[in-house]
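Participant: First the structure, then my questions, so here it is.
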Amino acid sequence: MGSRGVRIQGVEVPGEVEAGEDVSLKCWVDPWPGPLYSLSWWKDGSQFYRAAVTASPISRDEPPSSGSLATVFPLPGVSVKAGGRGLGHVVLEEVGVAASGVYTCEAVADFPSFSQQLVSANLTVVDPPDTRPVVSGFRVRYRPGDQLTANCTVLRAHPPPTLTWFINGNKVKEGSAEVIEILPEKDLTSTLTGKVSLPLHQSHFVDSAFNLTCGARIGESLWTATTIRGHLGQGPYLASSGGDSPTYILGDHSQPFQSLHAGGVVSSGLGQCSLLVALVVAGAARLLGHREGGLLLG
1 MGSRGVRIQG VEVPGEVEAG EDVSLKCWVD PWPGPLYSLS WWKDGSQFYR
51 AAVTASPISR DEPPSSGSLA TVFPLPGVSV KAGGRGLGHV VLEEVGVAAS
101 GVYTCEAVAD FPSFSQQLVS ANLTVVDPPD TRPVVSGFRV RYRPGDQLTA
151 NCTVLRAHPP PTLTWFINGN KVKEGSAEVI EILPEKDLTS TLTGKVSLPL
201 HQSHFVDSAF NLTCGARIGE SLWTATTIRG HLGQGPYLAS SGGDSPTYIL
251 GDHSQPFQSL HAGGVVSSGL GQCSLLVALV VAGAARLLGH REGGLLLG
């Protein structure tokens, strides 16, 4: 006699979505040769949706109707939107960072076996930072042999960004860069600050200048960056301490974040970065407010 258990043929959970989007979760179940008793969705071990079959077996494409009873259980960060099409189709409404986690489809066979099968997939909700990266501690003028030191802060993003530094479009060696602080925020995002420190050589100066870029990757899909230009010459001035003003290489403000799926790259050579780049003054002001009193932003 053959097995009377159900078989999950597959689940569809987007690996990454942006905060505020609706998310479609799909679970395909073959109820044959045995009928289906129930189908449920769980997040991180907590059940938030269950469709219990109350009549004859339901095909995998049949929406919950008189043949099933769908129940939604309250779960922080998860809001189920009405209108899912199909027994295993659930739509999460306007997800936030709290919706990130492991989603599991559970299928249970009917009497007499009540056999169970589970299939899981991970969902990450990407929340872009408030501004482009904020570069600080950068001097306006440098000479070969000077030590270049600068900080880069990315405000309120999820997941925590991965920073990459470039000089004239060439990636800085990992040993010259480090993460110095990650501050958790009340909204489950994080503010991250990284540092770069390396000696400058004559080869870094092209037409008496060089570009320093701090790029931030958020999750696997979003990229944003700020590029600032240093000039050949003497002078202790920091970019924020008066004297000469630094030059920022400005990108398209209408598109502060670039999808990596669209092919975001950094080309070699001065001024040939295909990054979206700019320093947002409001971001610097917000950073100062963030530091005062050591309080976390709400």
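Residue numbers (full-length UniProt numbering): 1 to 298.
Glycine included, every Cβ here is placed at the ideal spot set by N, Cα and C.
(1) For the segment 108 to 124 against the segment 36 to 54, do three or more pairs of beta-carbon atoms, one drawn from each stretch, fall closer than 8 Å, so that the two count as touching?
(2) Can you give me the Cβ contacts of SER24 inside the same chain, cut-off strictly under 6 Å, excluding the 5 residues immediately before and after it?
(3) Please list, in chain order, all residues of the same chain as LEU118 whose beta carbon is under 6 Å from its beta carbon, the five residues on each side excluded.
(4) Flag this pair as touching only if the segment 173 to 181 and the segment 222 to 235 have three or more C-beta atom pairs under 8 Å; answer yes or no.
(5) I'd like the list of long-range same chain contacts for ASP44, defined as Cβ closer than 7 Å, with 5 residues on each side in sequence excluded.
(6) Shortest alpha-carbon distance to LEU188 belongs to which of GLY96, GLU18, LEU69, LEU212?
(7) Using a Cβ-Cβ cut-off of 7 Å (strictly less than) and excluding sequence neighbours within five positions of GLY219, which residues of its own chain qualify?
(8) Looking at the structure shown, is ALA19 part of a helix, part of a strand, or coil, going by DSSP?
(9) Provide the residue span of the beta strand (DSSP E) that contains ALA225, from first to last.
(10) How big is the Cα-Cα spacing for TRP28 and ASN211?
(11) So the candidates are SER46, VAL134, GLU94; which of them puts its Cα closest to the Cα of CYS214?
(12) Rounded C-beta distance between SER198 and LEU148? I'm assuming under 8 Å.
(13) Measuring only the C-alpha atoms, how far is GLU18 from PRO128?
(14) Whose CA, out of ALA99, PHE166, ASP30, GLU21, lies closest to the CA of VAL196?
(15) So is GLY145 buried or exposed if we call it buried at 16+ other beta carbons inside 10 Å?
(16) Along the chain, where does the beta strand (DSSP E) that runs through VAL119 open and close?
(17) Tell me the rounded alpha-carbon separation between SER79 and ALA99.
(18) Considering GLU178, what are the terminal residues of the beta strand (DSSP E) in which it resides?
(19) Leaving out the 5 sequence neighbours to the left and right, which residues in its chain are closer than 7 Å to VAL13 when beta-carbon positions are compared?
(20) Can you tell which of THR164, TRP223, SER115 has its C-alpha closest to the C-alpha of ARG7?
(21) Return the CA-CA distance between TRP223 and ALA52, expressed in angstroms with no decimal places.
(22) Just to confirm, are THR153 and THR193 a CB contact at a threshold of 8 Å?
(23) When the Cα of THR227 is compared with those of GLU174, PHE138, VAL11, which residue comes out closest?
(24) According to DSSP, ASP30 sits in a beta bridge with which residue or residues?
(25) Which same chain residues, not among the five before or five after PHE48, have their C-beta less than 8 Å away from its C-beta?
(26) Which one of ASP30, SER46, LEU163 has the shortest CA to CA distance from GLN9?
(27) Using the beta-carbon count (16 or more within 10 Å), is VAL140 buried or exposed?
(28) Can you name the residues that DSSP bridges to ASN170?
(29) Between the alpha carbons of GLY20 and LEU200, how many angstroms are there, rounded?
(30) State the DSSP-derived secondary structure class of HIS204, mapped to helix, strand or coil.
Facilitator: Well, looking at it:
(1) The answer is yes - the segment 36 to 54 touches the segment 108 to 124, with three or more Cβ pairs under 8 Å.
(2) Counting from 1 along the sequence shown, the entry for residue 24 is found at position 24. Closer than 6 Å at the Cβ level, and outside the excluded window around SER24, lie VAL91.
(3) Position 118 of the sequence shown, counted from the start, is the residue given in the question as residue 118. Counting only Cβ-Cβ distances below 6 Å, and skipping sequence neighbours, we find THR104, GLU106.
(4) Judged by Cβ distances under 8 Å, the segment 173 to 181 makes no contact with the segment 222 to 235, as fewer than three pairs qualify.
(5) In the sequence shown, counting from the first residue as 1, residue 44 sits at position 44. GLY101, VAL102, listed in sequence order.
(6) Position 188 of the sequence shown, counted from the start, is the residue given in the question as residue 188. Distances from the alpha-carbon of LEU188 to those of GLY96, GLU18, LEU69, LEU212 put GLY96 closest.
(7) Mapped onto the sequence shown, residue 219 falls at position 219. These residues qualify, in order along the chain: GLU16, THR124, VAL126, PRO159.
(8) Translated into the one-based positions of the sequence shown, residue 19 becomes position 19. ALA19 falls in the coil class under three-state DSSP.
(9) Counted from its first residue, the sequence shown places residue 225 at position 225. Counted as a single uninterrupted DSSP element, the beta strand (DSSP E) harbouring ALA225 occupies residues 222 to 232.
(10) Working through the sequence shown from its first residue, we reach residue 28 at position 28. Working through the sequence shown from its first residue, we reach residue 211 at position 211. Cα to Cα, the separation comes out at about 51 Å.
(11) For the purposes of this step, residue 214 is taken as residue 214 along the sequence shown, with counting starting at 1. Cα-wise, what sits closest to CYS214 is VAL134.
(12) Here the question's residue 198 lines up with position 198 in the sequence shown. Here the question's residue 148 lines up with position 148 in the sequence shown. Correcting the residue identity first, residue 198 is Leu in this sequence and not Ser. Their Cβ separation, rounded to whole angstroms, is 6 Å, which keeps LEU198 and LEU148 in contact under 8 Å.
(13) Residue numbering aside, residue 18 sits at position 18 when the sequence shown is read from its first letter. Residue numbering aside, residue 128 sits at position 128 when the sequence shown is read from its first letter. If you take the alpha carbons of GLU18 and PRO128, they lie about 8 Å apart.
(14) Translated into the one-based positions of the sequence shown, residue 196 becomes position 196. Here the closest residue by C-alpha is PHE166.
(15) Stepping through the sequence shown from its first residue, residue 145 is reached at position 145. Around the C-beta of GLY145, fewer than 16 other C-beta atoms lie within 10 Å, and the residue is accordingly described as exposed.
(16) Locating residue 119 in the sequence shown gives position 119, where the first residue counts as 1. In the DSSP annotation of this structure, the continuous segment of the beta strand (DSSP E) that includes VAL119 starts and ends at 116 to 126.
(17) Position 79 of the sequence shown, counted from the first residue, corresponds to residue 79. Position 99 of the sequence shown, counted from the first residue, corresponds to residue 99. Between SER79 and ALA99, the C-alpha separation is close to 9 Å.
(18) For this step, residue 178 is matched to residue 178 along the sequence shown. DSSP places GLU178 in the uninterrupted beta strand (DSSP E) bounded by 177 to 184.
(19) The residue you call residue 13 lines up with position 13 of the sequence shown. LEU25, TYR103, ALA121, LEU123.
(20) In the sequence shown, the residue the question calls residue 7 occupies position 7. Closest by alpha carbon: SER115.
(21) Along the sequence shown, one-based indexing puts residue 223 at 223. Along the sequence shown, one-based indexing puts residue 52 at 52. CA-CA distance, TRP223 to ALA52, rounds to 43 Å.
(22) Sequence index remark: in the sequence shown, residue 153 carries index 153 (1-based). Sequence index remark: in the sequence shown, residue 193 carries index 193 (1-based). For THR153 and THR193, yes; Cβs fall inside 8 Å.
(23) For the purposes of this step, residue 227 is taken as residue 227 along the sequence shown, with counting starting at 1. Shortest Cα-Cα distance from THR227 to any of GLU174, PHE138, VAL11 involves PHE138.
(24) Taking the first residue of the sequence shown as position 1, residue 30 is located at position 30. Paired residue(s): ARG7.
(25) Taking the first residue of the sequence shown as position 1, residue 48 is located at position 48. Excluding positions up to five away in sequence, the list reads TRP41, TRP42, VAL72, PHE73, PRO74, LEU75, VAL78, VAL80.
(26) On the sequence shown, position 9 is the one that residue 9 refers to. With distances taken between CA atoms, GLN9 lies nearest to ASP30 out of ASP30, SER46, LEU163.
(27) Residue mapping note: residue 140 aligns to position 140 of the sequence shown, counting from 1. In summary, VAL140 is buried, with 16 or more beta-carbon neighbours lying within 10 Å of its beta-carbon over all protein chains present.
(28) Locating residue 170 in the sequence shown gives position 170, where the first residue counts as 1. ASN170 has ILE167 as its beta-bridge partners, per DSSP.
(29) Numbered from 1 along the sequence shown, position 20 holds the residue referred to as residue 20. Numbered from 1 along the sequence shown, position 200 holds the residue referred to as residue 200. Rounded to the nearest angstrom, the two C-alpha atoms are 43 Å apart.
(30) For the purposes of this step, residue 204 is taken as residue 204 along the sequence shown, with counting starting at 1. It is helical.
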